[in-house]
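In terms of the working numbering, the numbers along the sequence shown are unbroken and rise by one, the last being 485. All C-beta atoms, glycine included, are put in the ideal place defined by N, C-alpha and C. Owing to the predicted nature of the structure, the values given are computational and were not obtained by experimental measurement.
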Amino acid sequence: MAAENTTGDAGYLTENDSLMWTIESDPHLRSTTVGVIVLKKAPDWDEIVERMERVTHSVPILRQRVVNPPLHPRTQRWVWDTEFDLSYHLRRVRLPDPGGFDDLLEMAATISEGAFDRARPLWEFTLVEGLHDVEGAKSEAAALVTKVHHVVSDGIGAVQLFAHLFDFEKNPDGSAIPAVPQGIHEVVPSSLELWLDALGRDTSNLIDAGRNTARGVLPTLGRAVRDPRGVFHDVSELVASVGRTVAPVRERLSPVMTDRNMARRFDVLEVPFADLRAAAKAADGKLNDAFLAGITGGLRRYHEKHGASVDELRVAMPISLRTAEHEAGGNHVTVMRFKVPIGEEPSDQIQDLHEVGARIRAEKSIPHTETIAGVLNLMPSGVLGSMLKRMDFLASNVPGIDIPMYLAGAKVLQFYPYGPTAGSAVNITLMSYNGTCAMGVNIDTGAIPDGDEFMACLKAGFDDVLALHQG
């Protein structure tokens, strides 16, 4: 008799994921992440298919889909896709001539714009052949375009997931690739079982909430007797922090990047990892501070090109909650919204952004984001969506891989990450790979119709930051 496969069942979506899932009723707020992975040559297709078959078993969420238990419209859980078809999720195409890098990015942007089929697992990989004129490739190159829903994996989780797919040497012996498990029987609960399980989860959550409240209240009451002012101060700080986290955003700060539409433009920007880190150190900051300083410097220039002056803009930025216990895949981030200054001197800008970042990371609401998301999930999705659409930009810094990777013997030349715009004008995501900070720039063409001008301003912003080290 076949063994029932319960290992790797991701269970229920977190409250943060459920919130992300719900607001997607507005197509402008789709949570689609894309990777454009440039390869020195086209890998063997049959080997890719065999390897992905194994990867989908070692990372089970790739074979699962999302369902709503009956009578639980705001609750979602993972179940096995018993009709899983690898050929739907893994595709192979060829770029039309001339097959340049810009053609690849245009294809990737088009792929990103399509909605996922929610009746299937939420990922699609496309091997793109016929790529020409790529630096580092002697002949025809290729690319793997990965499209994954954010509830399947956050940025760090995606790096962990790709560690199952890619090799760290050109010709490995294959022993590190997991074999396809045998005797596995994937079971999908019936509607009644889904409802009963969700009901049991609700009851368990209420009991746990009561226990946690009691455990928290009793020590707090004891402390309140000894130090009433201290307890009042701590509670007041937490309430204020939650208020800042959920405060409605009523207007965009940018007077230029105001429109929104469904069309996306993908672009790239690269800077040496060592140089960006050295520039940050020269200004007593961290790499993420230099990253944000480059972006804000570019945004200042872009607004000046349009005859506008801004002192600050509003950014949405993911903060990782991932721990060593989390498996590959899965989404373990919370998104914080805050204002950042738009200064002129890169060194001052890095220091100011460092202070802003330290303040945001110290917000007392961060450990409670799941509870906050649970409350927000009770609100109409349109209200939440309108808040996100008033973000000026979104930025994300994903720790990458500092050694070369290979896919079925084909060397990875570069890895460009693209996060969702999620209602903002532009998403700029940085991931380091093999000594380079590769930035994927996902532009809403309604907000930024002059993409070439924007990219020139962004590059100039990072040139100003890098000059801190080079000078």
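Residue i versus residue j - alpha carbon distance
i, j, result
"M453", "Q90", "32 Å"
"G109", "L118", "Checking the sequence shown, residue 109 turns out to be Leu, not Gly. Going from the Cα of L109 to the Cα of L118 covers about 7 Å."
"V48", "A122", "8 Å"
"A238", "I462", "Here A238 scores only 47 on pLDDT, less than 50, and its place in the model should not be relied on; the value that follows carries that caveat. Near 53 Å, if we compare the C-alpha coordinates of I462 and A238."
"R105", "T140", "5 Å"
"V142", "V52", "9 Å"
"A67", "L100", "The question names Ala, but residue 67 is Glu in the sequence shown. Looking at the two C-alpha atoms, the distance is approximately 7 Å."
"P269", "M469", "19 Å"
"D31", "A129", "17 Å"
"E154", "D116", "15 Å"
"L306", "D289", "15 Å"
"G73", "V166", "The question names Gly, but residue 73 in the sequence shown is Val. Roughly 10 Å separates the two Cα atoms."
"V263", "R351", "9 Å"
"R88", "T36", "7 Å"
"S39", "M271", "23 Å"
"E120", "A474", "24 Å"
"V479", "L283", "14 Å"
"G169", "V50", "Because G169 carries a pLDDT of 48, less than 50, the predicted location of this residue cannot be relied on, and the following value inherits that uncertainty. Looking at the two C-alpha atoms, the distance is approximately 14 Å."
"D366", "K152", "45 Å"
"Y102", "V426", "24 Å"
"F176", "T96", "24 Å"
"V107", "T70", "21 Å"
"L33", "G150", "42 Å"
"K54", "N456", "24 Å"
Residue i and residue j closer than 8 Å at C-beta
i, j, result
"G433", "N441", "yes"
"W137", "V159", "no"
"L472", "A436", "no"
"L267", "V324", "yes"
"E467", "K319", "yes"
"L145", "A157", "yes"
"N4", "G371", "Nothing in the structure corresponds to residue 4, since the chain is present only between 15 and 485."
"S438", "D416", "no"
"S410", "P332", "yes"
"I364", "A304", "yes"
"H368", "G308", "no"
"D458", "R291", "no"
"E265", "R65", "no"
"I75", "W92", "yes"
"P41", "R79", "no"
Pick from the options that is closest to residue i, judged by C-alpha positions
i, options, result
"P418", "H320, F180, T272", "F180"
"R274", "G460, V50, D464", "G460"
"Y420", "D303, W35, P57", "P57"
"G312", "G357, R351, A288", "G357"
"D131", "G144, F98, D147", "F98"
"A297", "A322, R291, G150, S361", "S361"
"H164", "K54, L43, D147", "L43"
"S204", "I364, V81, A481, T46", "V81"
"L210", "P83, R278, D281", "P83"
"Q428", "I333, N411, V455, C451", "C451"
"L327", "G321, H71, H317", "H317"
"A294", "F476, L27, E61", "F476"
"E183", "I457, G423, Y430, P431", "G423"
"I62", "L482, V201, L444, H178", "H178"
"R314", "P286, F287, E359", "E359"
Local Cβ density within 10 Å of residue i, reported as buried at 16 or more and exposed below that
i, result
"E29", "buried"
"G10", "What the structure shows of the chain is the stretch from 15 to 485, and residue 10 is not part of that stretch, so it cannot be assessed."
"Q484", "exposed"
"W59", "exposed"
"R77", "buried"
"T310", "buried"
"N185", "exposed"
"E127", "exposed"
"D281", "buried"
"T46", "buried"
"P431", "buried"
"T443", "buried"
"K353", "exposed"
Every unbroken alpha helix (DSSP H) within the stretch 15-92, with a cutoff of 4 residues, ordered by chain = List check, alpha helix (DSSP H) in window: 29-36, 59-72.
query = What alpha helix (DSSP H) runs, 4 residues minimum, are completely inside the stretch 104-175?
reply = Segments of the alpha helix (DSSP H) lying fully in the stretch 104-175: 115-127.
key: Inside the stretch 414-484 only - alpha helix (DSSP H) runs reaching at least 4 residues   = The qualifying runs are 465-484.
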